[in-house]
Every structure is written in C-alpha cells, then in structure tokens.
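Peer 1: For the sequence shown, this note's numbering gives the first residue as 28, with consecutive numbering after it.
Using N, Cα and C, we set each Cβ at its ideal position, and we do this for glycine too.
Sharing a structure here in structure tokens format.
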Amino acid sequence: MMQRHCTQCRGPRAASPGFTLIELLVVVAIIALLISIILPSLRSAREQGRTTVCLGNQKTLANAFVQYAAENADAVVSSWTYAQGWVDWARDESGNYLDDDDLADTPDCTAEIRGIENGLLYPYAKIASVFHCPSDNRDSLDPYGGYRAYRTYSMPNCMNGDAGWETYVGAKKVTKKTAAISSAAARYVFLEESDPRGINMHSWVMYLNQEKWIDPLTVWHENRSTIGFADGHATVHAWLDERTINMSRDHEFDQPCPGSEDWRFMAAGWTRQER
28 MMQRHCTQCR GPRAASPGFT LIELLVVVAI IALLISIILP SLRSAREQGR
78 TTVCLGNQKT LANAFVQYAA ENADAVVSSW TYAQGWVDWA RDESGNYLDD
128 DDLADTPDCT AEIRGIENGL LYPYAKIASV FHCPSDNRDS LDPYGGYRAY
178 RTYSMPNCMN GDAGWETYVG AKKVTKKTAA ISSAAARYVF LEESDPRGIN
228 MHSWVMYLNQ EKWIDPLTVW HENRSTIGFA DGHATVHAWL DERTINMSRD
278 HEFDQPCPGS EDWRFMAAGW TRQER
C-alpha cells in the first residue's frame with residue numbers, strides 16, 4: 028500500500044546563513060568609503076557643468092558686444108547700469124526704478140530681470156538666463172547681508188563707463204569706439220562679479236595706479252572665473268593669489284595686493300585711452 032507523503036516526517040531545515048556583526052560593519056565601512064570617493068567626483072562634475080554653462084553665457088555676451096558695435100556705428104555699449112547702458116537698473120511694473128529699500132522688500136528678482144530686458148544688449152542675447160551663472164545663488168538666498176540679485180556679469184568701467192571713475196582709478200578716459208581697442212583678444216569686456224550689496228552696481232572697477240583692488244571678483248568655479256573678451260571669445264581663468272581668492276570669497280572691497288599676478292593680469296587687460 029502506497030504511503031502518503033508526510034510533511035511531519037521531514038527532518039529539520041538547515042538554518043539559512045546570516046551576516047555576523049563584524050561582516051555588517053565591514054560592509055558599512057566599504058559603502059562609506061565608496062561614498063567618500065564618489066561624492067567629490069559628483070560635485071566636481073556638477074560644478075564643471077555649471078562652468079560650461081557660464082562660459083557659454085560669456086561667449087554669448089561677448090558676441091552681443093561685437094554685434095552691437097557692428098550695428099551702431101562701432102559704438103562701445105555703456106558698462107553703466109542705467110537706461111542707456113548694456114543693462115538697465117531694476118524697475119517695477121510701471122517702469123519706476125527701485126531704490127535700496129524697495130529691493131530689500133522684493134521677494135524675487137523679477138524687477139532686476141525687467142531691467143536686464145530693458146538693456147541695450149538684451150536684443151542680442153534674447154534670454155535673461157544668459158546674464159546669470161548657475162553657480163550664483165544670490166537669486167535664491169541672501170548670503171551677504173544685501174538683497175537678492177540675479178545678474179552675475181559686469182563690464183569694466185573702461186568700456187564707455189563713468190569718466191570720473193576712470194580718472195580716479197588711474198586711467199585717462201573711457202573707450203567709446205571698438206576701433207580704439209587694441210589687441211581685442213586680450214581686452215576683457217565681461218567678468219563675473221558678486222557685489223555684497225546685492226545687484227552688481229554699475230561697472231566693475233580696480234585701481235590701475237596702485238596694486239590694489241576695488242571691487243571683488245568671484246571664485247565659484249573652483250577658484251576660477253569666466254571672462255569675455257572684446258573679440259567675442261571667452262575663457263575660464265584660474266586665480267593664483269590666495270588674497271584674490273579670499274577677497275572674492277569674503278566679498279570684500281578695497282583690498283591691497285602688492286605683487287599680485289592676478290592684479291597684473293587684470294590691469295593688463297584693461298583697455299586704456301591716453302587721449
């Protein structure tokens with residue numbers, strides 16, 4: 028007679044193997060090690076992507092500078108932030124300019140973007156994001172004690188800026204025609220600035236008659252900045268002097284820098300007019 032299969036007749040199951048405490052600790056340690064190796068690479072890759080976007084913005088603006096001159100009798104667009112400048116100042120919906128108190132109460136950067144769109148170079152760039160570096164977080168928070176800001180890039184005062192400032196820093200006069208720019212590939216027309224007061228005010232300035240900065244730069248791209256030049260090209264420039272890096276990271280004005288290679292580089296790229 029055939030016997031039924033009896034489950035109760037089976038022997039005990041073999042115990043499934045598990046991890047010991049030591050093995051678990053080893054696995055956790057390996058995972059932590061892998062994370063510590065991968066995260067810096069991910070951060071670097073992310074920053075490299077932001078730098079690429081920023082460099083593209085600078086190329087667009089530098090070409091806009093060239094195109095504007097070609098269509099406006101060789102004129103250098105004004106570096107000053109006002110109604111006839113490359114960008115205008117922040118405006119409300121009615122077209123009224125905002126003062127510091129207004130800007131401090133503004134919850135976003137709409138008014139500044141409105142000013143950008145009213146500037147003389149906007150028709151050649153056609154999109155406000157070209158004026159903003161993705162590493163510039165001043166549009167989303169208030170890290171320096173000023174108000175929110177959107178525009179990352181500034182023009183040097185030598186580019187048809189304020190005549191009084193040009194004399195003050197040790198030059199003769201501002202440049203108003205691109206024909207007066209010698210060695211255009213070495214003369215910068217756009218740089219990254221992070222004004223601690225908020226919106227980058229007017230033009231960027233530095234002393235030319237003494238080794239001293241006036242306005243800070245930026246060091247968002249791993250101690251580098253993007254720079255646009257008068258011939259339409261742009262590049263990523265590495266800052267070498269620790270004083271430049273500290274000044275820019277701490278958003279400080281009027282910092283002396285005797286013997287600075289960074290100061291010499293920027294002074295050499297300043298377009299000077301003797302008469």
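1) Less than 9 Å between the C-beta atoms of Ser105 and Gly191, yes or no?
2) Enumerated in chain order, which unbroken segments of the alpha helix (DSSP H) with a length of 4 residues or greater are wholly contained in the region 144-178?
3) Kindly identify the DSSP beta-bridge partner or partners of Arg299.
4) Hey, how far is the Cα of Ala261 from the Cα of Asp119?
5) Determine the DSSP secondary structure at Arg31, reduced to helix, strand or coil.
6) Under three-state DSSP, which class holds Lys199?
7) Ignoring anything shorter than 4 residues, give me the alpha helix (DSSP H) runs that lie fully in the region 229-280, in order along the chain.
8) So does Val104 have its beta carbon nearer than 8 Å to some heavy atom of the ligand FMN?
9) Pull up the distance between the alpha-carbon of Cys36 and that of Thr47, whole angstroms please.
10) Here's the rule: buried if 16 or more other CB atoms are within 10 angstroms of the residue's CB, otherwise exposed. What is Ser162?
11) Sorted by chain position, which residues of the same chain lie with C-beta nearer than 8 Å to Ala97's C-beta, five sequence neighbours on each side aside?
12) DSSP state of Val216, grouped into three classes?
13) Just the Cα atoms here: how many angstroms apart are Gly255 and Gln85?
14) Smallest Cα separation from Cys284: which of Leu218, Gly259, Leu235?
15) Expressed to the nearest angstrom, what Euclidean distance is found between the alpha-carbon atoms of Glu238 and Asp268?
16) Would a C-beta distance cut-off of 9 Å place Gly3 and Leu130 closer than the cut-off?
17) Which stretch, first to last residue, makes up the alpha helix (DSSP H) that contains Asp129?
18) Whole angstroms is fine: what's the gap from Arg276's alpha carbon to Val246's?
19) Tell me the rounded alpha-carbon separation between Trp297 and Ile62.
20) With H, G and I counted as helix, E and B as strand and the rest as coil, what does DSSP make of Met182?
21) Could you have a look at Tyr63 and say whether DSSP puts it in helix, strand or coil?
22) Using the Cα positions of Glu220 and Trp231, report the straight-line distance between them to the nearest angstrom.
23) So for Tyr109, helix, strand or coil by DSSP?
24) Under a three-way DSSP split, which group does Arg224 fall into?
25) Using the C-alpha atoms, what's the distance from Tyr149 back to Met274?
26) Would you say Tyr180 and Arg165 are within 9 Å of each other, going by their C-beta atoms?
27) Using CA coordinates, which residue listed in Asp258, Trp240, Arg270, Gly173 is at the minimum distance from Asn250?
28) According to DSSP, is Ala100 part of a helix, a strand, or is it coil?
Peer 2: Let's see:
1) no
2) 149-152
3) Looking at the DSSP assignment, Arg299 forms no beta bridge with any residue, so it has no partner.
4) Rounded to whole angstroms, Ala261 to Asp119 spans 33 Å at the Cα level.
5) Because the pLDDT at Arg31 is just 47, under 50, the model does not fix this residue reliably, and the value given afterwards should be weighed accordingly. Of the three classes helix, strand and coil, the one that applies to Arg31 here is coil, per DSSP.
6) coil
7) 269-277
8) For the structure depicted, the ligand FMN is absent and the ligand set is empty, with no information on it obtainable.
9) Unreliable placement is indicated for Cys36, whose pLDDT of 47 sits below 50; the coordinate value is still reported in the next sentence. So the two alpha carbons sit approximately 32 Å from each other.
10) Buried, because 16 or more other Cβ atoms sit within 10 Å of the Cβ of Ser162.
11) Hits under 8 Å: none found.
12) strand
13) 5 Å
14) Leu235
15) 13 Å
16) The requested residue 3 is not part of the displayed model; the chain covers only 28 to 302.
17) 127-131
18) 6 Å
19) Taking the straight line joining both Cα atoms gives about 45 Å.
20) coil
21) The displayed chain sequence assigns Ser, not Tyr, to residue 63. The answer is helix: DSSP assigns Ser63 an H, G or I state.
22) 8 Å
23) Looking at Tyr109 - three-state DSSP - the assignment turns out to be coil, as it is neither helix nor strand.
24) coil
25) 31 Å
26) no
27) Arg270
28) coil
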